[in-house]
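**Q** Chains as they are written, first to last, in UniProt numbering: chain A, 1 to 155; chain B, 1 to 155.
2 protein chains.
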Amino acid sequence: MVEIDGFDRKILAQLQEDASRTNQQVGERIGLSASQVSRRRQRLEEAGVVRRYRADIDPAAVGLAVVAFVGVALNAHSRQNARRFRDLVRSLPEVQEAHVLTGDMDYMLKVVVADLAGLSVFINDELLPHDAVRNVRSSIAMETLKDDNRLPFAI
Amino acid sequence: MVEIDGFDRKILAQLQEDASRTNQQVGERIGLSASQVSRRRQRLEEAGVVRRYRADIDPAAVGLAVVAFVGVALNAHSRQNARRFRDLVRSLPEVQEAHVLTGDMDYMLKVVVADLAGLSVFINDELLPHDAVRNVRSSIAMETLKDDNRLPFAI
DNA sequence: AGTGAAAAACAATGGCG
DNA sequence: CGCCATTGTTTTTCACT
Chain A
1 MVEIDGFDRK ILAQLQEDAS RTNQQVGERI GLSASQVSRR RQRLEEAGVV
51 RRYRADIDPA AVGLAVVAFV GVALNAHSRQ NARRFRDLVR SLPEVQEAHV
101 LTGDMDYMLK VVVADLAGLS VFINDELLPH DAVRNVRSSI AMETLKDDNR
151 LPFAI
Chain B
1 MVEIDGFDRK ILAQLQEDAS RTNQQVGERI GLSASQVSRR RQRLEEAGVV
51 RRYRADIDPA AVGLAVVAFV GVALNAHSRQ NARRFRDLVR SLPEVQEAHV
101 LTGDMDYMLK VVVADLAGLS VFINDELLPH DAVRNVRSSI AMETLKDDNR
151 LPFAI
């Protein structure tokens with residue numbers, strides 16, 4: 001793992017907040033020259049600390065109205081089943097996030113679809129037919145209070 | 001809501017994937033000139049379709065090793081309590097996402113902290129003392145299979 | 001709605017203290 | 001690490017279709 005000092009953390013905090021800031025703007029806010037910000041950014045990008053830059057798009061604007069959390073229990077805890085299930089969820093575009101959880105449900109998926117019909121299709125046609133899947137329990141997000149995905153790292 | 005045509009969707013798809021692509025590069029991939037990509041981007045940004053640009057940072061690189069999903073039930077379903085709880089979760093930096101859910105738990109939080117001790121502090125010192133909170137049930141992500149937060153919009 | 005070229009802004013490097 | 005200068009890119013605007 002790469003060394004990260006206070007300046008690096010400040011740069012990361014700035015870019016997490018708004019990646020369209022120029023090196024000059026970032027530098028002004030943290031007391032560093034633009035050229036140094038440029039060099040540090042390159043280093044952080046090459047080291048994989050910055051994984052990528054992305055545009056955060058309003059889901060409603062592209063016709064996606066339903067966010068759901070889907071808990072999935074697998075049939076048997078065989079290595080084979082688990083691997084096939086992982087390949088499945090990674091390949092499904094509706095799945096924004098997939099985590100292996102402690103507790104009664106094996107997996108937790110965050111799913112985004114256009115509407116409730118889309119959620120039904122996703123569960124019944126994509127998830128349940130997979131024979132590693134034993135059962136599925138979904139909760140729909142009626143409202144999203146916060147969705148910024150900022151990491152709370154100390155600066 | 002703003003009109004979004006096929007070109008706009010293609011631009012959004014490109015920038016969601018990698019926001020560091022230049023207008024020229026985006027244009028080449030979708031068959032449009034850089035100047036048109038620039039104009040459409042500005043329109044999409046001003047309309048709020050692109051909400052922001054952000055750097056996606058590796059949590060482990062900044063010392064954040066624990067992701068947990070925390071279900072929260074409130075004491076009473078008073079409007080007052082709900083509002084105060086919303087203000088709380090919005091203000092807590094450890095909370096990446098907060099959703100109002102259907103089902104038995106009122107709220108679902110996605111929380112990122114440094115370690116299990118940090119999760120304990122978060123739950124016991126930040127969440128439970130709030131008198132709107134009745135009970136809390138947390139599941140820790142032992143492994144994250146997918147975490148790209150890409151929207152699956154048709155292009 | 002689109003292209004292409006010019007102007008302005010920016011990123012990335014290298015050299016020096 | 002700051003500062004400065006240079007070079008190549010990129011964005012943005014403008015004239016034109």
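The beta-carbon is built from N, C-alpha and C at its ideal position, and this holds for glycine as well.
Quick one: is the Cβ of A/D115 within less than 7 Å of any heavy atom of the ligand FMN?
**A** Here there are no bound small molecules, and the ligand FMN is not part of this structure.
**Q** Does the beta carbon of A/F7 come closer than 8 Å to any beta carbon on chain B?
**A** Not an interface residue.
**Q** Looking at C-alpha atoms only, which residue of B/S78, B/A141, B/A114 and B/R21 is the closest neighbour of A/D104?
**A** Minimum Cα distance to A/D104 is reached at B/A141.
**Q** Cutting at 7 Å between CB atoms, please list the residues of its own chain near A/A68, excluding the five before and the five after it.
**A** Same-chain partners within the cutoff: V111, L119, S138, S139, I140 and A141.
**Q** May I ask you to list, following chain order, the residues of the segment 134-155 of chain A that have a beta carbon less than 9 Å from some beta carbon of chain B?
**A** Those residues of the segment 134-155 of chain A that come within reach of chain B (Cβ to Cβ, closer than 9 Å) are R137, S138, S139, I140, A141, M142, E143, T144, L145, K146, D147, D148, N149, R150, L151, P152, F153 and A154.
**Q** Give the residues of chain B in contact with A/Q96, contact being defined as C-beta atoms less than 9 Å apart.
**A** What A/Q96 touches in chain B: K146, D147, D148, N149, R150, L151 and P152.
**Q** Determine the burial state of B/M108: buried for a count of at least 16 other Cβ atoms within 10 Å of its Cβ, exposed for fewer.
**A** Result: buried.
**Q** Run through the DSSP bridge pairs and tell me what B/E97 is partnered with.
**A** According to DSSP, which records beta bridges pairwise, B/E97 is partnered with A/D147 and B/K110.
**Q** Identify the contact partners of B/P59 in chain A, using a Cβ-Cβ distance below 9 Å as the criterion.
**A** The contacting residues are L151 and F153.
**Q** Is the Cβ-Cβ distance between B/K146 and A/A98 less than 8 Å?
**A** It is a contact, given that the beta carbons lie within the stated cut-off.
**Q** Which residues of the segment 12-31 of chain A have a Cβ closer than 8 Å to any Cβ of chain B? Give them in chain order.
**A** Those residues of the segment 12-31 of chain A that come within reach of chain B (Cβ to Cβ, closer than 8 Å) are L12, L15, Q16, E17, D18, A19 and S20.
**Q** Give me the chain B residues within the contact set of A/A73, using Cβ-Cβ distance strictly less than 9 Å, ordered along the chain.
**A** Neighbours of A/A73 on chain B: none; closest Cβ ~13 Å, over 9 Å.
**Q** For B/N135, write down the residues that DSSP places opposite it in a beta bridge.
**A** Answer is B/A73, bridged to B/N135.
**Q** Can you give me the start and stop residues for the beta strand (DSSP E) that A/I57 sits inside?
**A** Element bounds for A/I57: V50 to I57.
**Q** Find the residues of chain A that neighbour B/D115, judging by a C-beta separation of less than 9 Å, and give them in chain order.
**A** Ordered by position in chain A, no residue passes the 9 Å Cβ test against B/D115, which lies about 13 Å from the chain.
**Q** What are the boundary residues of the alpha helix (DSSP H) that includes A/D104?
**A** Where A/D104 is concerned, there is no enclosing alpha helix (DSSP H), given that its DSSP letter is neither H nor E.
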